[in-house]
Amino acid sequence: MRQDSFPKCYCFTCHNIKNDTTNNVIYIVNGQNQYAVGYIQNRGPIYGTRATLNVWEPLVEAADDFSLSQVWLASGSFANGDVNTVEAGWQICPERYHDHQPRFFTFWTGDAYNNTGCYSTHCGGFVQTSSTIAPEAAITRTSAFGGPQFAITIQIWKDQSSGNWWLGLGRNMELVGYWPAALFTGLADHADTVEWGGEVLSQNSTGTNTIVQMGSGEFAEKGFGKAAYICDILVAENNQTLVPVEDFDVRARFPKYYSVKRSQTKECGKHFYFGGPGPTRSGAVRGTLSCSLLLLYLAFYLCV
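Mapping of the sequence shown onto my numbering: position 140 corresponds to residue 140, and the numbering continues sequentially without gaps.
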């Protein structure tokens with residue numbers, strides 16, 4: 001992912017957010033935003049996380065919709081207007097990138113997505129230090145259904161000496177850059193929430209029920225090689241050392257469209273699958289097919 005491989009356009013519609021107070025999980029509500037995530041919240045200070053994100057190329061029909069898989073570290077509350085986040089992952093957003101390729105991205109906010117924050121380096125915030133890896137660069141290798149799987153490993157951690165939040169990418173953790181501590185209030189000390197998972201936006205701006213897939217476009221229950229996964233999850237909590245996650249919660253806002261399912265293997269540790277086709281036109285297709293079969297049956301019955 002080279003620095004000259006990404007354009008400078010982006011859309012802010014992807015972050016219009018409020019808190020789901022009934023479940024204490026941050027959800028986006030602009031248009032038809034949906035989540036399927038794993039998370040840890042309010043059980044002590046969090047100083048970093050590392051996770052491997054399976055990369056796919058989900059279908060995003062409308063230019064102003066998007067589909068992503070990412071890591072969030074957050075603190076604060078929407079009630080007080082002081083939500084701080086640092087975020088990184090991959091995203092397909094045709095309006096921003098003018099293509100349908102997954103793109104590596106970062107995001108931050110210091111005031112609950114109201115007046116501060118932006119994607120990547122589009123404002124004074126994230127400081128890129130790498131000369132070889134750039135936010136918004138295209139990810140050219142993606143997973144194949146029932147075939148080879150491809151993933152990226154993301155690590156975000158707090159440097160205790162400077163207070164900055166650093167971002168690393170890949171198994172060897174090449175440093176991409178950092179979010180300065182001065183951007184934040186709560187995150188200036190620690191995070192109280194970490195989330196991993198998928199999010200989509202379906203605004204239906206064309207009025208034609210455009211399709212927005214999450215992950216691979218398959219439900220979590222399909223498992224390895226068919227559904228998207230997030231594995232090798234590490235968290236730095238009270239001792240500030242990254243260790244394999246012991247327990248986490250999962251939540252899908254509308255499991256009918258996008259689901260999430262925990263799993264555990266020797267190779268991946270405790271991990272989860274997520275994704276789905278969304279509220280597609282498949283129901284209408286099935287309905288049309290059913291009507292056609294019924295008419296065929298009636299025609300046959302009347303003719304004999």
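Ideal Cβ positions, reconstructed from N, Cα and C, are used throughout, including at glycine.
Treat the numbers as computed from the prediction; the structure is a model and nothing was measured.
Between Q70 and E87, the gap from beta carbon to beta carbon is short of 7 Å.
Check the Cα spacing between R43 and each of S263, S259, A236: the tightest is with A236. The continuous stretches of alpha helix (DSSP H) do not include E199, which lies in the beta strand (DSSP E) extending over residues 191-201. Taken in chain order, the complete beta strand (DSSP E) segments of 3 residues or longer contained in the stretch 84-115 are 84-92, 103-109.
Ranked by Cα distance from I133, the first of G110, E174, L234 is E174.
Rounded to the nearest angstrom, the Cβ distance from I152 to I139 is 7 Å, consistent with a contact under 8 Å. Nearest neighbour of Y113 by Cα position, chosen from S77, A137, K266, turns out to be S77.
G278 counts as buried, since no fewer than 16 other beta carbons sit within 10 angstroms of its beta carbon. It is roughly 6 Å from the alpha-carbon of K158 to the alpha-carbon of W166. Cβ atoms of G125 and W179 come within 8 Å of each other, at about 6 Å. Taking a cut-off of 8 Å for Cβ pairs, the stretch 190-200 and the stretch 32-51 touch, as three or more such pairs fall below it. In this structure, Y258 places its C-beta atom within 7 Å of the C-beta atom of Q34. Around the beta carbon of F145, fewer than 16 other beta carbons lie within 10 angstroms, which makes this residue exposed. Straight across, the Cα-Cα distance linking N164 with N172 is about 20 Å. In the assembly as shown, H98 is an exposed residue. Its beta-carbon has fewer than 16 other beta-carbons within 10 Å. In the DSSP assignment, H271 falls within the unbroken beta strand (DSSP E) covering 269-275. In terms of CA proximity to Q128, G177 leads the group Q149, G177, G217. Here G110 is buried. Its C-beta has 16 or more other C-beta atoms within 10 Å.
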